[in-house]
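Chemist: What follows is a single structure, and I will ask about it in a moment.
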Ligand code: ADP
Ligand code: ZN
């Protein structure tokens with residue numbers, strides 16, 4: 004061959020801004036190609052690197068050889084690599100880390116130094132599962148007859164064509180001697196096959212046919228299918244009130260994409276919370292669906308990933324990380340409930356899957372459908388400017404009316420449940436219908452306060468109060484899980500009288516039991532849904548009518564379709580308004596609209612009672628009056644005046660550490676450096692802070708933040724790039740930069 008050494012570019016999954024060059028030894032020349040992982044020497048460690056391609060430019064001396072190539076098939080395609088590079092650049096995150104995030108957790112091999120310092124150990128690396136399969140053998144007539152049981156087994160093997168050992172054991176119990184005998188006689192053959200762990204296990208499929216669409220659905224679908232036919236990037240906002248039939252539009256649009264030989268990617272906020280949605284996809288399409296979400300084991304996830312990579316699944320449904328699904332020929336990307344904050348990853352690579360859907364869709368020339376009953380203010384604005392094509396479903400299916408909403412002012416009242424709501428609950432129960440009561444706070448009391456010294460019980464690790472959980476007999480920190488026996492005594496003065504302030508879902512459940520002693524009341528919050536399958540169990544009890552009232556946090560607001568629910572009660576509607584976050588009104592409006600939308604989805608009209616201290620706030624009033632247009636107009640005015648998204652771009656610096664002093668100094672130094680670079684570069688960026696974060700202490704760490712605001716994204720990006728090159732951060736302080744932050748706490 005040639006004398007020129009073969010040099011490749013490798014990304015390493017570490018917090019390093021650059022990629023590295025390695026030489027490929029002769030024996031690995033054929034294997035070391037783009038898209039595979041290689042084991043490479045790095046310092047005195049061995050690490051998994053990602054082969055990006057051949058290195059450009061020569062004259063590089065003293066390069067190390069790669070040790071091994073780890074894959075026999077490429078893990079990503081050229082388009083996917085382009086996508087990873089875009090993500091790395093936009094979020095200013097190392098490419099190796101982006102690739103690592105994109106690949107399923109089970110796949111990564113890590114090496115670390117053994118305790119002796121000399122030994123390298125390899126961990127991780129989930130492998131494909133293989134199982135023995137039995138097939139009919141070559142012989143048909145043999146002089147020696149197998150036993151009757153063996154003959155029975157043979158019958159089943161012949162009928163099935165191929166059947167796994169575990170399946171045979173399920174039917175026949177222990178049958179190894181018979182299988183061995185059949186193989187000896189040549190009556191059956193054995194073969195090892197790869198099997199995929201199945202995340203759909205135990206679910207039943209009910210075949211479902213496409214519905215005849217109503218006028219608005221039809222118009223929306225036709226616009227989407229036209230764009231699919233043209234195979235051009237086309238971004239849509241499917242804005243349909245709750246129960247207007249958005250999912251039906253998704254299903255039929257996907258079906259069109261499949262007919263064109265394309266695949267479909269469906270992103271949902273938290274898939275574990277939407278078994279109903281995945282069920283509907285299965286019922287409509289049968290097989291060929293893969294699911295990716297955090298509830299899967301590493302093995303299951305890796306199997307789903309391989310099914311997708313190999314083209315065995317043409318529809319992928321998943322939570323935010325599914326934006327990286329190794330799906331090719333994507334025709335359509337759907338982001339359901341596009342306004343949800345959970346599309347944003349809150350640590351590591353802080354990407355937003357909703358935003359990335361548009362980026363990947365552009366690269367794949369796909370249709371992108373952002374769907375919501377309460378779109379984000381950003382999407383409404385983009386639709387107004389024509390950057391998203393608006394598809395509206397303004398009415399509920401079959402002309403069902405939106406529920407009637409009453410606002411109840413609670414100022415001065417000590418009750419948790421107002422007289423109006425109690426009467427409504429009693430009436431609904433007597434009619435044999437179902438009700439939902441929503442309170443966005445779990446626990447019994449919001450906190451305990453000492454009657455002697457007046458101090459509330461707070462977390463020693465975080466600057467928050469402890470929530471009282473009566474059933475558990477604990478006061479609990481919802482951020483770090485610190486717990487003390489409760490009610491207990493006051494840690495400040497030893498006082499023995501602790502009084503309860505504010506109510507949570509546990510208290511509400513308790514009060515409802517007093518109010519309706521014979522009603523079957525369920526509670527759904529993160530305390531009652533931590534066990535595997537507990538969420539589904541609660542939902543199915545609502546669905547089959549074996550419950551009368553469902554009490555819960557925002558978990559109950561999302562996507563559920565309970566046709567028998569005719570009454571919805573909202574306790575403390577303004578709970579989320581008090582947050583020091585410019586999106587507080589938007590979140591409140593969305594959450595209230597979603598909860599209100601749970602009522603009257605079936606044949607009987609719905610009614611909603613919203614309790615709030617201040618019933619005049621525009622977020623509450625517009626949700627109650629179904630006046631979304633009014634809300635968006637007012638909110639956009641506020642954002643424009645205050646200079647917040649969508650009229651500005653943000654980046655948030657979070658500076659944290661164990662020493663208050665060091666954090667404070669580092670935050671000041673960071674702000675000063677940013678200020679200097681800003682004038683050097685002459686960029687228009689507003690630097691706010693440093694200030695204490697709203698939760699100043701979290702898990703023992705002190706936290707400060709700096710917020711950057713810019714009208715021009717390029718300016719912001721340049722400033723951040725410069726900062727990364729210049730920043731000197733002491734090792735005891737962590738600084739993270741969040742582009743387009745969602746969590747402002
Ligand atoms: P959304 O996703 O907007 O909340 P869904 O798609 O879940 O609405 O529709 C609400 C209900 O109406 C579902 O039970 C669905 O099967 C049904 N549905 C949707 N479209 C139609 C239609 N065109 N005709 C009859 N029923 C429909
Ligand atoms: Zn805590």
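Residue numbers (our numbering): 4 to 748.
We treat Cβ as the ideally placed atom computed from N, Cα and C, and that holds for glycine.
1) I think residue 55 touches residue 14, with their Cβ atoms under 8 Å apart; what is that distance to the nearest whole Å?
2) Less than 8 Å between the CB atoms is what I'm expecting for residue 491 and residue 448, so what's the real figure, rounded?
3) Can you give the Cα-Cα distance for residue 606 and residue 400, rounded to whole angstroms?
4) Measure the C-alpha to C-alpha separation of residue 450 and residue 386 and round it to an integer number of angstroms.
5) Taking 6 Å as the cut-off, is the beta-carbon of residue 464 closer than that to any non-hydrogen atom of the ligand ZN?
6) Could you check the C-alpha separation between residue 96 and residue 583 for me, to the nearest Å?
7) Comparing the CB of residue 218 with every heavy atom of the ligand ADP, is any distance shorter than 6 Å?
8) I need the boundaries of the alpha helix (DSSP H) containing residue 249, first residue and last residue.
9) Do you know offhand how far residue 546's Cα is from residue 157's?
10) For a test of the three-state rule: what should DSSP assign to residue 321, helix, strand or coil?
11) From the DSSP output, in three-state form, read off residue 22 for me.
12) Using beta-carbon positions only, say whether residue 621 and residue 383 come within less than 7 Å of one another.
13) Quick check: is any heavy atom of the ligand ZN less than 6 Å from the C-beta of residue 482?
14) Should residue 400 be counted as a contact of the ligand ADP given a C-beta to heavy atom distance under 6 Å?
15) Grab me the residues of residue 223's own chain with a C-beta within less than 7 Å of its C-beta, minus the 5 sequence neighbours each way, in chain order.
16) Closer than 7 Å by C-beta to residue 1: which residues in its own chain qualify, once you throw out the five before and the five after it? Chain order, please.
17) Does residue 9 come out as helix, strand or coil in the three-state DSSP assignment?
18) Would you say the beta carbon of residue 246 comes nearer than 6 Å to a heavy atom of the ligand ADP?
19) Please report how far the alpha carbon of residue 334 lies from the alpha carbon of residue 704, in whole angstroms.
20) I'd like to confirm the pairing. Which residues does DSSP put opposite residue 45 in its beta bridges?
21) Which residues does DSSP list as the beta-bridge partners of residue 239?
22) Does DSSP put residue 216 in a helix, in a strand, or in coil?
23) Please name the residue in 612, 617, 293, 499 whose C-alpha comes closest to that of residue 420.
24) Do you know whose CA, among 649, 651, 726, 701, lies nearest residue 679's CA?
25) Quick check on the DSSP output: the alpha helix (DSSP H) that includes residue 516 runs from which residue to which?
26) Return the chain-ordered ranges of every beta strand (DSSP E) run that is complete within the stretch 551 to 587 and spans a minimum of 3 residues.
27) From the DSSP output, in three-state form, read off residue 687 for me.
28) With DSSP run on the structure shown, which of helix, strand or coil describes residue 101?
29) Return helix, strand or coil for residue 665, following the three-state DSSP convention.
30) Could you give the residue range of the alpha helix (DSSP H) that holds residue 175?
31) Of the choices 425, 723, 18, 460, whose alpha-carbon is the least far from that of residue 497?
32) Got a sec: is the Cβ-Cβ distance from residue 563 to anything in chain D below 7 Å?
33) Check whether the Cβ atoms of residue 688 and residue 657 sit closer than 7 Å, and answer yes or no.
34) Mind checking whether the beta-carbon of residue 471 lies closer than 6 Å to any heavy atom of the ligand ZN?
35) On a Cα-Cα basis, can you pick out the residue from 39, 29, 594 that is closest to residue 8?
36) Please go through the same chain and pick out, in chain order, the residues whose beta-carbon is closer than 7 Å to the beta-carbon of residue 360, but skip the five residues on each side of it.
Modeler: Checking against the coordinates, here is how it stands:
1) 6 Å
2) Wrong, their Cβ atoms sit about 13 Å apart, outside the cutoff.
3) 11 Å
4) 43 Å
5) yes
6) 28 Å
7) no
8) 249 to 262
9) 44 Å
10) strand
11) coil
12) no
13) yes
14) yes
15) 241, 252, 394, 396
16) Coverage of the chain is limited to positions 4 through 748, which leaves residue 1 absent and any answer about it impossible.
17) coil
18) yes
19) 45 Å
20) 48
21) 372, 392
22) coil
23) 612
24) 726
25) 508 to 518
26) 552 to 555, 568 to 573
27) coil
28) helix
29) helix
30) 168 to 175
31) 460
32) Going by chain labels, chain D is absent from the structure shown, which holds only one protein chain.
33) no
34) no
35) 29
36) 270, 326, 336, 338, 371
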